Amino acid sequence: MTRSLLNVDARTAKRNASEKRFRGYGLAAIFVAVLALIMLMTSILTAGLSAFQQTYITIDVALPEDQLDKSGVRDPAAMAKVTTIRYAKVLKQALLAQLEAEGITTTLSDKDVAKILSKEAAATVRSRVLANPDLIGTTIRIELLASGRIDGFYKGRVTMASAALDGNTSPEALQLVEQLAERGWVETKFNWAFLTAPDASDQRPEAAGLGVAILGSLYMMFVVLFLALPIGVAASVYLEEFAPKNRWTDIIEVNIANLAAVPSIVYGILGLAIFINFAQLNQSSPLVGGLVLTLMTLPTIIISTRAALKSVPPSIRDAALGVGASKMQSVFHHVLPLAAPGILTGTIIGLAQALGETAPLLLIGMVAFVREYPAAYTSDAGLFGEASTALPVQVFNWTQRADPAFVERASGAIITLLVFLLFMNAIAIYLRRRFERRW
Amino acid sequence: MSLTLAIFVICTIAITGWVSALIRVRKLQHLQAARLAALPKQYAVNAVLSGFIPGISVILGSALALRFSGAAPSGFGAFCAVAVAALGTVVALARITPDFRARVHVESWIKTLLIIASSIAILTTVGIVLSMVFESVNFFQQYGWTGFFFSAEWSPNFRGNSALGILPLLWGTLYISFIALLFAVPVGLFAAIYLSEYASHRMRAWAKPVIEILAGVPTIVYGLFALITVGPLLRDYFAAPMGLGQSASSVMTAGLVMGIMLIPFVSSLSDDIINAVPQAMRDGSYGLGATQSETIRQVVLPAALPGIVGAILLAASRAIGETMIVVLGAGAAARLSLNPFEAMTTVTVKIVSQLTGDTDFAAPETLVAFALGLTLFVITLGLNVFALYIVRKYREQYE
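First to last, the sequence lines map onto chains V and S. Going by my numbering, the first sequence opens with residue 1, and the numbers climb by one from there. Going by my numbering, the second sequence opens with residue 1001, and the numbers climb by one from there.
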């Protein structure tokens, strides 16, 4: 064979093959990364989407006066003394009566029949009655949470086979609920309570909600926004526009670069030692959480703000100075407004980062079990001083509980968190697209 | 008078200062028909800031003094703050004359504020170091440093007699970080190479943002992913059949998931660095007849190597300081073992477990968390400084 460019010799073939291989590695790497993202998202979505559905059982509950208000005078104080245990008994009777009326028979004991309702159900009825004492003596039709296992059955988490091995439910209970469902008493519908209700104890995953966590996260975002944005912008303006090149500003610059890479848990230790132990602010309060997250996001905001300031051309400053503005006026009247979209974008991304941060919040006590909605201001606790929890911490909290239904709740909480993050990032991208200026 | 009340009073003084400054300026303009050296607004702002800034600083100072001295709040500090604020406002108002250059004064106040804001970065670092050093010193007074740094046993016991050796924790941390890097560096690096050298414009436009989504996902999400998906998967398909362990939380689980988290970190940093290699070097290589992959391997990568090493070091520091993934994915047992399918624990996990729940800040079992934190801080700081140094030095070469 003659040597020609048209004939590929062995060495060229080898080199071409290695070229192809190399390209393949690159493509494979991208494929792996994208696959990881897809797996991550599908795993969270499949585990969590069902948290937005909840199974309810409708029951006609007779509210006998002799059990719920013995005095018969509808005195709120006396009625409040009747505990959920009493209401649970009333509910059990109502449920049994309903089964009898529907002609459903079961081999289960009465106690086990009552277990198809959530432990939260009695509290629901009780608060309904306390809110409206006139209901006593009447029969009300009320939608009540089904217990976690029954709910799991309608979501495919619990099957007849797994129920047989389960101490908390039984195949008979599931059949019983199916019979109720055939007669239209059981409904699975969108779970608003998941987004608004507070956390519930580990006995009743079906009642656990994100209300307190969302509120706590919101408060913290307020604190972060109102502290990190002004401080971050002021610091960047100084460093970018005014700072002389000397050792002090060098130290600040190196510092900011390093702070951006300090592990987040270290900020938690800082918060615990300085804000809680030294300044004696309230543990697990959104104020402390917000302060810690502020310190954590400051470097991010400073870095992006400085980039935004840098991208404003010097001619703008020169023009302002030329018509008699002071240096300060040129910055605040001209440079800063032009850099605003970039600054806002950076701030939103910093906020998004802060919203998802968990580790430092664990150390400042945000893992506490909180059922009360925190008020923004109370005279005792001060501004944002009431105990609260936060979205990512709530996720962590739920992963630590034994009942598998909490895995669904945790994944659902993550979906909620991701929706918030997506929304924030979408705003940031929109701002960047809409207002970005090329000089 | 409480400090909160003082803040309200100072705000009132500031508003009064603003209004009366404007009134005085108006009068000056009417009575003397004088040309003022500054806009009326500048006089007013000067009056506000002259009272407000000193007043608030006194409040902060007295709050700190109270905290350090431990004295009961007496109202003296609040009184001083209000007095200082009032004095400052009055002086500023008295200085309103046609010749007074209010703008200059306002701007020096604002500059003071800017300087204070930028010093917060320094204060944060000082706060971090101080908060950990103080408690660490407390810890080392109760527990020997040799026992902490060189003991291979970790078994805290709140009744006393704990063994608090950092070695098993460090081993877990480094092992998990190593596995994470083993996964993230090749994937991230090859992704960066493909995106910057081979990919078409269109592919780059979608692949780069998609990979960067991974960087925006909070770590708790990765933690949950490790807990509910990766852990059971590895246990059922690898660890259990191979007889290596029965635990879903393992070094491998945490390492792999952390590796996924680090991919965008490695790839976007490497991407920047590879793009910074001048095109002339590639052209020179092509001119000598090298294929594209030969150019990348023998010209581009060696030129970008210092930067890539810096990126890897930054990724390593991120891996070492990562908390949620290991809390949910790695387990809690302190163990020195080579088996990657066994549960091990890390420095960060132990910081969390020692500082959550009931804590007693006199016991070494709680204080050890600060010593762990300090160790972690020193290690990551060292890595960061070294990495930033390398990256900076490299950048100067080609720009």
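The beta-carbon is built from N, C-alpha and C at its ideal position, and this holds for glycine as well. All figures in this text were calculated on a predicted structure; none of them were measured in a lab.
On the premise that residue j lies in contact with residue i, defined as a C-beta separation below 8 Å, what is that separation, rounded to the nearest angstrom?
i, j, result
"S:Pro-1340", "S:Val-1277", "Going by Cβ atoms, the distance from S:Pro-1340 to S:Val-1277 rounds to 36 Å, so no, they are not a contact pair."
"S:Leu-1049", "V:Val-237", "So it is not a contact: roughly 17 Å between Cβ atoms."
"S:Glu-1322", "S:Phe-1158", "Not confirmed; about 27 Å, so no contact."
"V:Leu-210", "V:Phe-194", "6 Å"
"V:Phe-384", "V:Ala-390", "Not quite, the Cβ-Cβ distance comes to about 12 Å (not below 8 Å), so this is no contact."
"S:Leu-1372", "S:Ala-1152", "About 16 Å; that fails the 8 Å criterion."
"S:Val-1266", "S:Ala-1315", "5 Å"
"S:Ala-1429", "S:Ser-1270", "This structure leaves residue 1429 of chain S out entirely; chain S is present only between 1001 and 1399."
"V:Gly-356", "V:Thr-305", "So it is not a contact: roughly 21 Å between Cβ atoms."
"V:Thr-188", "V:Thr-55", "5 Å"
"S:Val-1187", "V:Ala-33", "6 Å"
Pick from the options: whose alpha carbon is nearest that of residue i?
i, options, result
"S:Phe-1100", "S:Arg-1035, S:Leu-1374, S:Asn-1275, S:Tyr-1389", "S:Arg-1035"
"S:Val-1367", "V:Asn-282, V:Val-419, V:Ile-316, V:Ile-269", "The identity of residue 1367 of chain S in the sequence shown is Leu, whereas the question assumes Val. The candidate whose alpha carbon is nearest that of S:Leu-1367 is V:Ile-269."
"S:Leu-1313", "S:Val-1385, S:Val-1082, S:His-1105", "S:Val-1385"
"S:Ser-1247", "S:Gly-1160, S:Met-1258, S:Leu-1234", "S:Leu-1234"
"S:Phe-1008", "S:Asp-1236, S:Val-1299, S:Ala-1081", "S:Ala-1081"
"S:Ala-1369", "S:Ala-1205, S:Thr-1229, S:Phe-1139", "S:Phe-1139"
"V:Val-407", "V:Asp-202, V:Leu-239, V:Ala-339", "V:Asp-202"
"V:Leu-37", "S:Pro-1209, S:Val-1299, S:Ala-1290, S:Ala-1343", "S:Pro-1209"
"V:Ala-402", "V:Gly-148, V:Thr-300, V:Thr-58, V:Val-335", "V:Gly-148"
"S:Ser-1002", "S:Ser-1062, S:Ala-1239, S:Ile-1128, S:Leu-1305", "S:Ser-1062"
"V:Ile-316", "V:His-333, V:Thr-300, V:Arg-432, V:Asn-246", "V:His-333"
"V:Ala-200", "V:Ser-311, V:Val-90, V:Ala-381, V:Ala-121", "V:Ala-121"
"V:Ile-252", "S:Val-1185, S:Leu-1170, S:Ala-1117", "S:Ala-1117"
"V:Asp-60", "V:Pro-263, V:Ile-142, V:Leu-99, V:Met-79", "V:Ile-142"
"V:Asp-112", "V:Ala-164, V:Asn-168, V:Gly-103, V:Asp-380", "V:Asn-168"
"V:Pro-360", "V:Lys-327, V:Phe-396, V:Ser-379, V:Leu-239", "V:Phe-396"
"V:Ile-44", "S:Thr-1375, S:Val-1391, S:Arg-1297, S:Pro-1218", "S:Pro-1218"
"S:Thr-1097", "S:Tyr-1286, S:Tyr-1389, S:Gly-1017, S:Pro-1040", "S:Pro-1040"
Which residues does DSSP pair with residue i in a beta bridge?
i, result
"S:Ala-1163", "S:Ser-1155"
"V:Ala-62", "V:Thr-139"
"V:Phe-444", "Since the first residue of chain V shown is 1 and the last is 439, residue 444 of chain V is not available in this structure."
"V:Thr-378", "V:Gly-382"
"V:Leu-144", "V:Ile-57"
"V:Thr-188", "V:Thr-55"
"V:Leu-117", "V:Ala-146"
Mind checking whether residue i and residue j have CB atoms under 7 Å apart?
i, j, result
"S:Gly-1329", "S:Thr-1253", "yes"
"V:Ile-364", "S:Ser-1131", "no"
"V:Gly-26", "S:Ile-1193", "yes"
"S:Ala-1403", "V:Ile-231", "The structure shown does not extend to residue 1403 of chain S, since chain S is modelled only from 1001 through 1399, so no value can be given for it."
"V:Val-428", "V:Ile-349", "Here residue 428 of chain V is Ala; the residue named in the question, Val, does not match the sequence. Yes, they are a contact pair."
"V:Gly-290", "V:Met-366", "no"
"S:Trp-1145", "S:Pro-1168", "no"
"S:Gly-1259", "S:Phe-1183", "yes"
"S:Val-1106", "S:Asn-1046", "yes"
"V:Leu-144", "V:Thr-124", "yes"
"S:Ala-1412", "S:Leu-1093", "Since the first residue of chain S shown is 1001 and the last is 1399, residue 1412 of chain S is not available in this structure."
"V:Leu-293", "V:Ala-354", "yes"
"V:Ala-228", "V:Thr-297", "yes"
"S:Ile-1176", "S:Gly-1255", "yes"
"V:Glu-453", "V:Thr-107", "Because chain V in this structure spans residues 1 to 439, residue 453 of chain V falls outside the shown range and cannot be described."
"S:Ala-1226", "S:Ile-1274", "no"
"V:Glu-241", "V:Val-323", "no"
"S:Ile-1351", "S:Pro-1264", "no"
"S:Gly-1055", "S:Ala-1102", "no"
"S:Thr-1173", "S:Thr-1346", "yes"
"V:Val-312", "V:Val-288", "no"
"V:Asn-191", "V:Phe-22", "no"
"S:Ala-1333", "V:Ile-30", "no"
For the ligand NAP, is there a heavy atom less than 6 Å away from the beta-carbon of residue i?
i, result
"V:Leu-417", "Among the ligands in the structure shown, none appear at all, so the ligand NAP cannot be discussed."
Ignoring anything shorter than 4 residues, give me the alpha helix (DSSP H) runs that lie fully in the stretch 13-47 of chain V, in order along the chain.
none
Give, in chain order, every unbroken run of the alpha helix (DSSP H) that is at least 4 residues long and sits entirely within the stretch 183-261 of chain V.
192-196, 211-237, 247-259
What are the complete alpha helix (DSSP H) segments, minimum 4 residues, inside the stretch 1328-1354 of chain S?
none
Every unbroken alpha helix (DSSP H) inside the stretch 1012-1090 of chain S [4 residues or more]:
1040-1069
Ordered list of alpha helix (DSSP H) runs contained in the stretch 262-325 of chain V, each at least 4 residues:
264-270, 286-310, 314-322
Which runs of the alpha helix (DSSP H) spanning at least 4 residues fall entirely within the stretch 1279-1304 of chain S, listed in chain order?
1279-1287, 1292-1295
Minimum length 4: unbroken alpha helix (DSSP H) runs contained in the stretch 60-112 of chain V:
65-68, 76-80, 84-102
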